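Protein chains: 2
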Amino acid sequence: MARGTATLEVLDETAADGVVERRVLLRTGEAEVPGLHWLPTDPRPSHPTVCMGHGGFQHKRVDNVLALARQLVVDLGVGVVALDAPEHGERESDPGASERTLAALATGDRDARRRAFGREARAAMAARAEAHVAEWAALLDALQQDPRWADGPFGWWGVSMGTTHGLPLTATDDRIAAAVFGLNALRPGDERWETQARAVTVPVLFLTQWDDELMTREASLALWDALGSQDKTLHVNPGRHVEVPRFERRASVDHLGRHLL
Amino acid sequence: MARGTATLEVLDETAADGVVERRVLLRTGEAEVPGLHWLPTDPRPSHPTVCMGHGGFQHKRVDNVLALARQLVVDLGVGVVALDAPEHGERESDPGASERTLAALATGDRDARRRAFGREARAAMAARAEAHVAEWAALLDALQQDPRWADGPFGWWGVSMGTTHGLPLTATDDRIAAAVFGLNALRPGDERWETQARAVTVPVLFLTQWDDELMTREASLALWDALGSQDKTLHVNPGRHVEVPRFERRASVDHLGRHLL
Chain H
1 MARGTATLEV
11 LDETAADGVV
21 ERRVLLRTGE
31 AEVPGLHWLP
41 TDPRPSHPTV
51 CMGHGGFQHK
61 RVDNVLALAR
71 QLVVDLGVGV
81 VALDAPEHGE
91 RESDPGASER
101 TLAALATGDR
111 DARRRAFGRE
121 ARAAMAARAE
131 AHVAEWAALL
141 DALQQDPRWA
151 DGPFGWWGVS
161 MGTTHGLPLT
171 ATDDRIAAAV
181 FGLNALRPGD
191 ERWETQARAV
201 TVPVLFLTQW
211 DDELMTREAS
221 LALWDALGSQ
231 DKTLHVNPGR
241 HVEVPRFERR
251 ASVDHLGRHL
261 L
Chain U
1 MARGTATLEV
11 LDETAADGVV
21 ERRVLLRTGE
31 AEVPGLHWLP
41 TDPRPSHPTV
51 CMGHGGFQHK
61 RVDNVLALAR
71 QLVVDLGVGV
81 VALDAPEHGE
91 RESDPGASER
101 TLAALATGDR
111 DARRRAFGRE
121 ARAAMAARAE
131 AHVAEWAALL
141 DALQQDPRWA
151 DGPFGWWGVS
161 MGTTHGLPLT
171 ATDDRIAAAV
181 FGLNALRPGD
191 ERWETQARAV
201 TVPVLFLTQW
211 DDELMTREAS
221 LALWDALGSQ
231 DKTLHVNPGR
241 HVEVPRFERR
251 ASVDHLGRHL
261 L
């Protein structure tokens with residue numbers, strides 16, 4: 001399907017607290033991708049859009065995505081889109097698999113951890129990432145058919161798996177003008193990932209957890225260090241992978257507002 | 001001189017753009033310390049005060065101190081105090097020495113660098129730091145004699161030499177309730193400095209420059225890591241020692257506002 005021919009169908013629309021929430025379906029020609037599109041209830045004729053990628057075993061309407069999306073809409077007057085990644089949310093071929101994995105991981109089960117984060121899991125994630133990056137590019141194509149979103153600018157927010165998807169998108173699609181990444185790492189010898197990081201040149205806020213149980217400090221800092229952006233800023237907080245402090249939401253909104261408005 | 005007997009004399013007062021600037025003189029019994037006290041033109045009866053420590057070879061009214069002080073007053077409605085450190089600003093025994101040192105450093109002169117940052121210079125700085133920390137405690141004593149400032153809370157902002165002074169103050173004086181530190185490091189084996197860092201338990205924002213020519217990345221991260229605070233956040237930006245990006249001012253204001261208001 002040629003660039004610009006993807007379509008975005010609005011399935012339904014609700015509004016609460018100054019925010020419109022539309023359930024949408026992106027048709028790329030290869031896949032149908034369920035998404036959410038949040039907009040100000042009193043939208044400007046033309047306004048920026050932030051693409052939000054959720055984390056692994058999460059989905060397009062998980063708490064942190066929903067809360068930040070609403071804050072971006074209310075504070076900045078921008079639109080926000082979230083899509084379910086392949087095998088996540090409404091796209092699970094084995095419904096409930098992510099939820100069961102999270103429950104098993106919470107018990108500290110070593111087999112569950114190996115299945116979730118081992119070499120095989122990472123290879124499958126990388127293959128799905130390639131497909132999903134193309135889906136995000138198709139989402140931008142579809143948005144740009146509407147004059148409200150034709151000129152962007154577009155931003156990215158996504159940590160952990162959200163960076164696995166957003167970093168290659170930002171590296172290869174010059175429509176993304178600013179990004180928030182984090183909770184991700186550069187393992188020694190991963191030249192492909194390093195090349196993609198070096199190809200990112202837009203302003204980046206990168207969020208890292210000092211006691212992240214899924215990656216070393218060195219590998220986290222190495223990914224931040226590899227980013228090609230002149231304007232990049234790293235925020236580090238104590239705590240584990242999912243313990244990013246609430247106040248970093250404000251920092252994300254400020255970063256995206258500074259570069260998209 | 002007993003705690004609470006230091007005095008603060010107002011020498012003169014001007015007002016512009018919503019900010020009152022008073023030239024003050026702190027008398028500790030051992031020293032007379034010239035300072036500046038910024039206040040909202042329409043002050044609340046009781047309000048927090050941020051103590052701002054300037055960097056080495058700088059003074060109480062250097063550009064970055066003045067700009068941040070005004071922003072703190074206008075955005076948060078708090079008071080701000082800056083003092084000249086020993087052998088800085090109006091307290092230079094050899095007037096103009098700091099300016100000449102900065103000019104020599106700017107040429108890249110190796111002797112100037114050794115004189116400014118070598119072992120002997122660091123020892124002299126440490127001795128002066130001890131005296132200056134006591135001066136800041138006396139400043140808090142003097143402020144607390146006025147009902148507007150008696151209850152604090154007090155915050156600290158100071159990077160580089162401003163951390164050399166503010167970190168021991170925060171570690172030993174429980175009147176400091178939140179701090180911004182940065183551009184400073186923990187050298188291996190410096191147990192005294194490490195002990196002081198571990199004794200800091202208030203919320204800290206720590207600013208680090210990734211390409212700081214005066215310290216290694218490892219030593220910068222080691223100081224952040226040693227801080228005893230549960231609530232601490234590290235911001236890293238590319239660039240040299242004096243190239244902290246302008247947008248970190250916003251982060252400093254947000255951090256101090258979150259914990260002092």
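In the order they appear, the protein sequences are chains H and U.
The numbering of the first sequence is UniProt numbering, which starts it at 1 and goes up by one.
The numbering of the second sequence is UniProt numbering, which starts it at 1 and goes up by one.
Heads up, the beta-carbon is just placed ideally off N, CA and C, and yes, glycines get one too.
Computed from a predicted structure; not experimentally measured.
Residues of the stretch 235-261 of chain U with a C-beta atom less than 9 Å from some C-beta of chain H are His235, Val236, Asn237, Pro238, Pro245, Phe247, Glu248, Arg250, Ala251, Asp254, His255, Arg258, listed in chain order. By alpha-carbon distance to U:Ala106, the top candidate from U:Arg175, U:Ala138, U:Glu213, U:Val73 is U:Glu213. U:Ala134 and U:Leu169 have their C-alpha atoms spaced approximately 8 Å apart. Restricting attention to alpha helix (DSSP H) runs no shorter than 4 residues, the stretch 103-155 of chain U encloses them at 110-117, 119-144, ordered along the chain.
Inter-segment contact for the stretch 68-86 of chain U and the stretch 106-115 of chain U is absent: fewer than three beta-carbon pairs are separated by less than 8 Å. Secondary structure of H:Val20 (DSSP, three-state): strand. For U:His165, no beta strand (DSSP E) run applies; the uninterrupted alpha helix (DSSP H) run containing it begins and ends at 161-172, by DSSP. For H:Gly56, the closest C-alpha among the options H:Val20, H:Pro245, H:Leu11, H:Ala126 is that of H:Ala126. Closest in C-alpha terms to H:Arg22, from the list H:Gly239, H:Thr41, H:Glu32, H:Gly155, comes H:Thr41. A straight-line Cα-Cα distance of about 11 Å links U:Ala123 and U:Ala116.
Against chain H, the beta carbon of U:Gln230 has neighbours under 9 Å at Pro238, listed in chain order. For the 8 Å CB-CB criterion, U:Leu8 and U:Leu26 form a contact. In this structure H:Gly29 is exposed. Its beta-carbon is surrounded by fewer than 16 other beta-carbon atoms within 10 angstroms. Taking the C-beta atoms as reference points, H:Ala197 is found no nearer than 8 Å to H:Ala219. H:Gly166 is positioned such that its CB atom lies closer than 8 Å to that of H:Phe181. Residues of the stretch 215-229 of chain U with a C-beta less than 7 Å from any C-beta of chain H: none at all. Residue contact check for U:Thr233 against chain H: a CB pair falls below 8 Å.
A distance of 8 Å or more separates the beta carbons of H:Val204 and H:Leu183. For U:Val244, the secondary structure class from DSSP, reduced to helix, strand or coil, is coil. Of H:Val24, H:Trp157, H:Glu248, the smallest CA-CA separation from H:Glu90 is found for H:Val24.
Uninterrupted beta strand (DSSP E) stretches at least 3 residues long and entirely within the stretch 180-232 of chain U occur at 204-209, given in chain order. CA-CA distance, U:Gln209 to U:Lys232, rounds to 17 Å. A residue is called buried when at least 16 other Cβ atoms come within 10 angstroms of its Cβ; H:Leu11 does not meet this threshold and is exposed. A straight line joining the alpha-carbon of H:Ser252 with that of H:His259 spans about 11 Å.
U:Pro45 places its beta carbon 8 Å or farther from that of U:Leu261.
Classified as exposed, U:Ser93 has fewer than 16 neighbouring CB atoms from the shown chains inside 10 Å of its CB.
Where H:Ala82 is concerned, the enclosing beta strand (DSSP E) starts and stops at 79-83.
For U:Thr164, the number of other beta carbons within 10 angstroms of its own is at least 16, and it is reported as buried.
At the C-beta level, H:Ala138 and H:Ala6 come within 8 Å of one another. Here H:Asp141 is buried: its Cβ has 16 or more other Cβ atoms, across all protein chains shown, within 10 Å. Measuring C-alpha to C-alpha distances from U:Trp193 to each of U:Phe206, U:Thr216, U:Ala222, U:Thr101 identifies U:Ala222 as the nearest. The DSSP-derived three-state label of H:Glu90 is helix. When beta bridges are read from the DSSP output, H:Gly35 appears opposite H:Val24, H:Leu83. Distances from the CA of H:Gly162 to each of H:Val62, H:Gln230, H:Gln145 were compared; the closest alpha carbon is that of H:Val62.
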